[in-house]
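Scroll down for the structure; my scribbles are underneath it.
In our numbering, the protein residues as written are 114 to 1091.
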């Protein structure tokens, strides 16, 4: 179908009526049409167009549109043509031209201003079709071109010309001018291009469906031929949208009446056979009518359509379409469908459902639907229309369960990109913290009865929690060509207590009215500048952790910032301002911070490469106002510059890059006061660091083992690829607060590849059977054993002077982050083994070579046992750390999905920590499939929060957007492939 079947609630009338009508609603009359040589002169030349300002556009059919706003200069058939302004519409000739290279085009040129009669006469004498419009002030040229088209412009851009007066005048002139005539064609005002008129009638064929002969009666009166056919018949006609493949429409009915008008009616020679008529202008069918086009079927009692005037009527219609993406059928019933104009449709008594039963389990009904189809104009213009080119108004909308109305709306204006209902999602459940709860999300624009602006997605949240209260908010996302952003707000009247962890239960809330407001915006400015703005307000320190736990754990920091940056080629400049809005949080204010980065700049004819990172900041530490003892909150200055020079070399099959670098840092607040092991040291305002080292990457070594064959391991030949890499860095410093660790990293990255899949014309595919990456890292002045599994990342062992991700004030944790600087000798490894296409093993580990213990081991096994069972078994081990009495963790996870029978599916997951001797989380879900409906019941126990919950989920088959409850199992209720 032309549009996603989510919008099937309006396509049911556009299918039968537009399908019966003219193909002119799809593309312009001339699109990809082959020009008869007798009617058009072929110009064999290259067409060169010159203008100062050109706006261009190309549509899917391959049509090019050139809007020349300042000057139009070209030469056609030896005649030089110049005008103040012009529009050229260039279309490839041939139905396949849009998909294949071609040098044959149909060219239409609209010229305005400074057009002389001498020029028009010369063009006419050259055999071109010329029409004068605008009382001779403008000219339209039409000709067929065999050659290339070249455009020269001082300024050019790609975009939509809609809204330009010159464009509208040209399109109307193309439609209204009569090529070959010199008299002027008076132009009438129009808001845009007009759809091309339909062809004169259709060619319709028929044959009997039974052994009983058809009764055919033909009468002629007043130039109209009426053919009446009685008996069960099968009729068909073929209609080709220009530039597209022909579409066959099939019709079954008990009776058929055909009308032919004017000259066609009195010319028997136009009939190709006794069961065929050309030039059919109107049809009427009755008696168990079936209309088919592809996988779409319409059943009705009566159907009438006027091909010439594009009017139609269908009574008691039932349409069946199939959504291949969702794998479900769509049924649409209507008491009466009417096409009242070429692009306007009405329907009364409409029902939309996925059930074939007369009384469906779930359905959406509407008393009246009015649709204005603007998609033909969008395609004609070569652009895309907002909301798929439809303006839809639905009145008296009801959402029903069997015959019971669940809720209704007086009117609805869908945007056709999403389901035509106001509700977005719903969740019903009960838990220890929230009590009985209902969480709902709604399309905000539909609730307000407004059309949502293009690029905007707005959601209204309305929630009820038995133990907390009523809450609500909005979530708006927007995107335009030069900017995008989001606005999130939520407020709740909270009467309960917070449950943050096993050890933090029944935490009293500081205020009854709680909530948040967050705005994020990014704007792309001229000259490569980019502006990012963000502000975030929280009512209290625990609100985010309680109501948005996932964002609290892994989301972005809540902050108020203004960031301006420009990145061009290999350099970048940025300015950052950061302020604190939530006074209960520790925060580092930056008012402002400026950074300049210069990366990979070549010197001395590519013999040297230069890198430079620079920062100047004005910091201030702001402490939680509830803390009794706080440090200084005065502003201070921090600046840093690091500059590196590389000498790239190629030695044999290896690439070697020796480098030297120097770093200077200045801080006039507390100074740099942490030694390498994070112990206190005498503060220093300035520090110097020097470094030198080498990075080396060898060309991969590989070997093929063609004799390796194994059905057990799914192996067909084997190729082993080894890629070695080495990084070595040594440092010097002027004070212990700037001390770094010398590092040597030897990396060996390996892949074993094999061939899988059936042998055939397409050939077998190459897959990575096993990937194994190893890193051997040695450091000087190792830290004590009570450290985490730090690793070297991005070949960057350097420890920054300030940790930008630190959250502790004063920021003494710059060396405690896992992103920079290994602290002990270790072996790091990660592996991925694809035993078969349905079985995989993933693993990684960190081994402390100095202590002889594993700091971290992760292993996961995934298996699909077609068709009923899939499961995962995984283990995550973290070594115990004595510091802070923190325990390690040895968590084992098991998850499985089992299809018991076509009606029932069970899902189970369990996570248990053997170090703590307690469970982490358990979930069990039972899914029941009904006819076009799925029901799921989920019981969860989160031991980390001491929280239990029970949730019921309900969603239509294939339409998870209408889900009530959890959404994590929606895919398990999808339709089986047909």
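From the three backbone atoms N, C-alpha and C, an ideal C-beta is built for every residue, glycine too.
Can you tell me whether residue i is buried or exposed, with buried defined as 16 or more other CB within 10 angstroms of its CB?
i	result
residue 178	buried
residue 319	buried
residue 750	exposed
residue 1068	buried
residue 655	buried
residue 471	exposed
residue 181	buried
residue 647	buried
residue 741	exposed
residue 1064	buried
residue 473	buried
residue 241	buried
residue 660	buried
residue 515	exposed
residue 804	buried
residue 894	exposed
residue 715	exposed
Grab me the residues of residue i's own chain with a C-beta within less than 6 angstroms of its C-beta, minus the 5 sequence neighbours each way, in chain order.
i	result
residue 1008	985, 1022
residue 397	370, 417
residue 267	165
residue 817	832
residue 757	724, 772, 774
residue 536	555
residue 946	883, 954
residue 589	571, 600
residue 990	970, 1003
residue 1034	1024, 1055
residue 632	600, 648
residue 788	794, 849
residue 195	186
residue 340	331, 371
Between which two residues does the alpha helix (DSSP H) carrying residue i extend?
i	result
residue 658	656-660
residue 232	230-238
residue 280	278-289
residue 560	557-561
Excluding sequence positions up to five away, which residues of its chain have a Cβ less than 7 angstroms from the Cβ of residue i?
i	result
residue 819	830
residue 821	828, 830, 831
Among residues of its own chain, excluding the 5 on either side of residue i, which ones have a beta-carbon nearer than 8 angstroms to its beta-carbon?
i	result
residue 302	Residue placement at residue 302 is flagged as unreliable, the pLDDT there being 32, under the threshold of 50; the coordinate-derived value follows with that caveat. The answer is none, since no qualifying residue turns up.
residue 796	783, 784, 785, 786, 850
With respect to the beta strand (DSSP E) encompassing residue i, which residues constitute its N-terminal and C-terminal limits?
i	result
residue 333	328-334
residue 425	424-436
residue 757	749-759
residue 884	878-892
residue 397	389-406
residue 1061	1060-1069
residue 242	242-246
residue 714	700-716
residue 418	409-419
residue 728	721-735
Could you tell me how far apart the beta carbons of residue i and residue j are, in whole angstroms, since I believe they sit closer than 8 angstroms?
i	j	result
residue 858	residue 840	4 angstroms
residue 202	residue 226	That pair is no contact at about 18 angstroms.
residue 881	residue 866	6 angstroms
residue 650	residue 630	5 angstroms
residue 220	residue 160	7 angstroms
residue 284	residue 252	The Cβ separation is near 15 angstroms, so there is no contact.
residue 389	residue 273	No, residue 389 and residue 273 are not in contact; Cβ-Cβ is about 44 angstroms, not under 8 angstroms.
Specify whether the region 888-906 and the region 945-957 touch according to this definition: at least 3 beta carbon pairs, one from each stretch, less than 8 angstroms apart. no
For the pair the region 759-768 and the region 733-745, tell me if three or more CB-CB distances fall below 8 angstroms. Segments in contact, no.
May I ask you to verify whether the region 825-835 touches the region 776-790, counting CB pairs closer than 8 angstroms and requiring at least 3?
no
Does the contact criterion of 3 or more C-beta pairs under 8 angstroms hold for the region 561-573 versus the region 620-630? no
Under 8 angstroms: do the region 440-449 and the region 457-475 share three or more Cβ pairs, one atom per stretch?
yes
Three CB pairs or more closer than 8 angstroms across the region 703-712 and the region 685-692
Yes: at least three Cβ pairs fall under 8 angstroms.
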